[in-house]
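Chemist: Have a look at this one.
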Amino acid sequence: MVLYKNELTKVLQLTEEVYKQAKTIHSNMKDNEDGKLDELQSLLEKRGQAILRLDAFIQKQGHQWIPEDRYIIEQLKELEIKLQPLITGLYNSFSNQMKRINQTKQASKKYIGAYQMVSTDGSFIDKRN
115 MVLYKNELTK VLQLTEEVYK QAKTIHSNMK DNEDGKLDEL QSLLEKRGQA ILRLDAFIQK
175 QGHQWIPEDR YIIEQLKELE IKLQPLITGL YNSFSNQMKR INQTKQASKK YIGAYQMVST
235 DGSFIDKRN
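Encoded structure:
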């Protein structure tokens, strides 16, 4: 009984940490400090693992939620409602920036490539007397 409660509390704690970390991340990738995105990714992975452990424990027991658990679940729902738009916005912003970077790289390669294949099969020599 105590194990699932620990996992439920851990999920709430990790969700709060994810929310706090996500709020500190700027939508422009260049404005973020090194490691901020890695830290967010790590927190999301830990949270996902805690959710899986909680789910596995509940599936084994055929568990019934008590009022205290329901209160924690309500807190999780409220945090999730705040977190989803924030994460979605960051994802969309970063995706657009990555697309622009890739388009710029492709355009640069085409421009450079146009001058790399200069034909040397013949030449025209202009002699002036």
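Yeah, the sequence shown ends on 243 if you go by this note's numbering, and it's all consecutive.
A virtual CB, placed ideally from N, CA and C, is assigned to each residue, including glycine.
(1) What did DSSP end up calling Asn-120 once you bin it into helix, strand or coil?
(2) Go ahead and pull the three-state DSSP assignment for Ile-195.
(3) Taking Leu-190 and Leu-126 to be in contact with their CB atoms under 8 Å, please state how far apart those CB atoms are, rounded to whole angstroms.
(4) With a Cβ-Cβ cutoff of 7 Å, do Leu-193 and Thr-123 count as a contact?
(5) Reducing DSSP to helix, strand and coil, say where Asp-145 ends up.
(6) For Glu-67, is the classification buried or exposed, using 16 other Cβ atoms within 10 angstroms of its Cβ as the cut-off for buried?
(7) Rounded to whole angstroms, what is the Cα-Cα separation between Leu-168 and Ser-209?
Modeler: The relevant details are as follows:
(1) In the three-state reduction of the DSSP assignment, Asn-120 falls in the helix class, which pools H, G and I.
(2) Of the three classes helix, strand and coil, the one that applies to Ile-195 here is helix, per DSSP.
(3) Sure, about 6 Å apart at Cβ, within 8 Å.
(4) One thing to note: Leu-193 has its Cβ no nearer than 7 Å to the Cβ of Thr-123.
(5) Asp-145: helix per DSSP, three-state reduction.
(6) Missing from the structure shown is residue 67; the chain here goes from 115 to 243 and no further.
(7) So the two alpha carbons sit approximately 32 Å from each other.
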